[in-house]
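A quick write-up on the structure given underneath.
Number of protein chains: 2
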Amino acid sequence: MKEKSERNDPDSVKMEVKAPVDLPSVRSGTIPPATANRLGLYLRELQQFQRSGVKTIKSTSLGNRLGLSDSQIRRDLALFGEFGKRGVGYDVSGLVGALRQALGTDGKWNAILIGLGNLGNALLRYRGFNQQGFVLQAVFDVDQNKVNREIDGIPIYAISELEKRVPSMGVQLAILAVPASEAQNLVNRLALLGVLGVLNFAPIGLSPPTGIQTVDVDLAVELQRLVFAVVNSNR
Amino acid sequence: MKEKSERNDPDSVKMEVKAPVDLPSVRSGTIPPATANRLGLYLRELQQFQRSGVKTIKSTSLGNRLGLSDSQIRRDLALFGEFGKRGVGYDVSGLVGALRQALGTDGKWNAILIGLGNLGNALLRYRGFNQQGFVLQAVFDVDQNKVNREIDGIPIYAISELEKRVPSMGVQLAILAVPASEAQNLVNRLALLGVLGVLNFAPIGLSPPTGIQTVDVDLAVELQRLVFAVVNSNR
DNA sequence: TACTGTGAATGAGTTCACAGCC
DNA sequence: GGCTGTGAACTCATTCACAGTA
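So the protein lines, in turn, are chains A and B.
The opening residue of the first sequence carries number 1 in our numbering; numbering runs sequentially from there.
The opening residue of the second sequence carries number 1001 in our numbering; numbering runs sequentially from there.
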């Protein structure tokens, strides 16, 4: 895993203040990277509270849920201002909206999946994507036997047709589930096609061309983190 | 994703100094958490260099590969001492050994997989596990139609048989690929069975009982990180 | 000469503790 | 009264810059 675009990126990720719109928006001009990496977790838990009808949540409860301190929760959420009421807690649905806006996941994102091996197949059928506004437009694979069919209404094309197919699809994101040896070449091609972000499952450190962001997920690395935590859990 | 046991865990993860053995071992008594989270990445890249016959590597090259500064690489690797030579670089295979030892992935880890849906199927066939000393001993699923068969020589049992099957298997790790609603209950049961670590793919914050560590991988959260990086990539 | 190893400086992130407000 | 919001203190992480060495 490389995660050049986030966890390991030393650069501060900046966010411009938008002119106020109907939804209350981010207050400060910048979200610190460490906070940014927690936003998705906050959103997930808050959406779960929302589903179970909880209207208001305290920093301590949310903290317990996520294994974070109450003061850290308050620091983070104070960046979005306006949603906490002293003596009461935070307004759940207001925060959900603000977090989605801060993350950029209000609105739709068109994605393609490249690689229909074991992992690709699992990702293709993964239901969590559509739920957060991600729309899978097409799948690409090298194997001619898999190509020119549809699965769940999503067309499968040859990777050689990337340059022909992608431009008309309005794709911003790509999910790479290909062997490590193919990944760098594909990122380069995707960048030329105007794709803005790549979720990379190939176990290799990519050098993304300028203009394209990558986030890496390496299952072997995650398992190693787990083992390290286990071995060192004697506090 | 919760990552209570690592990325978000505010506690420092400590590691005791072992008495010197044949392999040069970790020098300092403690690996800082931020460094610990990079160890798997270092290992992956170094193993790749090793495979391509590179004997020696400089902090700048490794840094370029991973998007980290050379001085950060040096700080991190100096914790393991002895492998850098001034004017030359680091000894690749020595470092690989030291990293595997520090991570705890020298030696074998027995694991089970719980949940044989789309993702579980992909994980079952994922080849990266065995390569790092992880051995999948069995798979568990609720679906009676999937049960009591073998796939690639790995037996599939009913989840109801966890308590019956696991104790004899010498299992330390479990991979959870089940719906969010099942995850907490399973972690509790696994902890009672003496399982030490859980790699959790369910999109939910777990409260692991004492004695068990969890590392969470939430694909939706990773996609949200990507979108955030894309939206904020105008520096 | 060309690199590593590391004090010192800087910067980022977290926690403390309490004032401020509902 | 019970919570949030936040200055101040603190801790952790990264970078700088250069001495030390193969």
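Glycine residues also receive a C-beta, built at the ideal position from the N, C-alpha and C atoms.
Small disclaimer: the values here were computed from a predicted structure and weren't measured.
Practice problem: Just the C-alpha distance for Gly1197/B and Pro203/A, rounded to the nearest angstrom, thanks. | Solution: 22 angstroms
Quiz prompt | For Leu1236/B, the first and last residue of its enclosing beta strand (DSSP E) | solution = Outside the displayed span of chain B (1001 to 1235) sits residue 1236/B, for which this structure offers no information.
Exercise. Tell me the start and end of each unbroken alpha helix (DSSP H) in the segment 56-87 of chain A that is at least 4 residues and wholly inside, in chain order.
Key: 59-66 and 70-78
Practice problem: Identify the contact partners of Tyr1042/B in chain A, using a Cβ-Cβ distance below 9 angstroms as the criterion. | Solution: Chain A residues near Tyr1042/B: none, gap ~10 angstroms exceeds 9 angstroms.
Quiz item: So, Ala1191/B versus Gly1117/B, is the Cβ gap smaller than 8 angstroms?
Solution: no
Exercise. Could you have a look at Ile151/A and say whether DSSP puts it in helix, strand or coil?
Key: strand
Self-check item: Contact residues within the segment 1092-1123 of chain B, judged by C-beta distance below 7 angstroms to chain A
Solution: Leu1103, Gly1104, Thr1105, Trp1109, Asn1118, Leu1119, Asn1121 and Ala1122
Practice problem: Please classify Thr1210/B: is it buried, with 16 or more other beta-carbons within 10 angstroms of its beta-carbon, or exposed? | Solution: exposed
Exercise. Would you give the residue range spanned by the beta strand (DSSP E) that Thr1214/B belongs to?
Key: Gln1213 to Asp1216
Quiz item: Does the beta-carbon distance from Leu186/A to Ile73/A come in below 8 angstroms?
Solution: no
Quiz item: Among Ala220/A, Val231/A and Asn234/A, which one has its Cα closest to the Cα of Arg1127/B?
Solution: Ala220/A
Quiz item: Expressed to the nearest angstrom, what Euclidean distance is found between the alpha-carbon atoms of Ile1057/B and Glu1082/B?
Solution: 14 angstroms
Practice problem: Confirm, please, whether the CB-CB distance from Val96/A to Gln144/A is below 8 angstroms. | Solution: no
Quiz item: Within 8 angstroms (strictly less), CB to CB, does Ser1233/B reach chain A?
Solution: yes
Self-check item: Assigned exposure category for Asn130/A - 16 Cβ within 10 Å defines buried
Solution: exposed
Quiz item: CB-CB under 8 angstroms to Gln172/A, same chain, minus the five flanking residues each way: which ones, in chain order?
Solution: Trp109, Asn110, Ala111, Val195, Leu196 and Gly197
Self-check item: Endpoints, the alpha helix (DSSP H) within which Gln48/A is located
Solution: Pro33 to Arg51
Quiz prompt | Contacts of Asn1037/B in chain A (Cβ-Cβ under 7 angstroms) | solution = Arg225
Self-check item: Buried versus exposed call for Asp152/A [16 or more other C-beta atoms within 10 Å across all chains shown]
Solution: exposed
Quiz item: So Gln1213/B and Ser233/A are in contact, right, with Cβ under 8 angstroms, and what is the actual spacing, rounded?
Solution: 5 angstroms
Quiz item: In chain order, what residues of the segment 1197-1209 of chain B put their CB closer than 7 angstroms to some CB of chain A?
Solution: Gly1197, Leu1199, Pro1203 and Gly1205
Practice problem: Please go through the same chain and pick out, in chain order, the residues whose beta-carbon is closer than 6 angstroms to the beta-carbon of Val1166/B, but skip the five residues on each side of it. | Solution: Leu1193
Quiz item: Closest by CA to Asp1141/B, which one among Val1135/B, Ile1159/B and Leu1124/B?
Solution: Ile1159/B
Practice problem: Taking 8 angstroms as the cut-off, decide whether the C-beta atoms of Thr1105/B and Asp1076/B are in contact. | Solution: no
Self-check item: Ala1229/B versus Ala174/A: straight-line alpha-carbon distance, rounded
Solution: 14 angstroms
Quiz item: Taking the alpha carbon of Leu1066/B as the point to measure from, which residue in Lys1055/B, Tyr1090/B and Leu1046/B has its own alpha carbon closest?
Solution: Leu1046/B
Exercise. Verify the CB distance criterion: does Gln1213/B have a CB-CB separation below 8 angstroms to chain A?
Key: yes
Quiz item: When you compare each of Gln137/A, Lys164/A, Phe201/A and Val215/A to Glu182/A by their alpha carbons, which one comes out closest?
Solution: Phe201/A
Exercise. Return the residue from the list Ile31/A, Gln48/A, Leu41/A and Thr30/A that minimises the CA-CA distance to Glu1262/B.
Key: Only positions 1001 to 1235 of chain B appear in this structure, which leaves residue 1262/B out of reach.
Quiz prompt | CB contact flag (Val215/A, Leu226/A, <8 angstroms) | solution = no
Self-check item: Cα-Cα separation between Ser1207/B and Leu62/A, rounded to whole angstroms
Solution: 12 angstroms
Quiz prompt | Cutoff 8 angstroms: Ala220/A Cβ touching any chain B Cβ | solution = yes
Practice problem: Could you check how far apart the C-beta atoms of Glu1163/B and Ile1156/B are, in whole angstroms? I think they sit under 8 angstroms. | Solution: With 8 angstroms as the limit, Glu1163/B and Ile1156/B do not qualify as a contact, their Cβ atoms being about 17 angstroms apart.
Practice problem: Give a yes or no on whether the minimum CB-CB distance between Leu1079/B and chain A is below 8 angstroms. | Solution: no
Quiz item: From the beta carbon of Leu136/A, is the nearest beta carbon of chain B less than 8 angstroms away?
Solution: no
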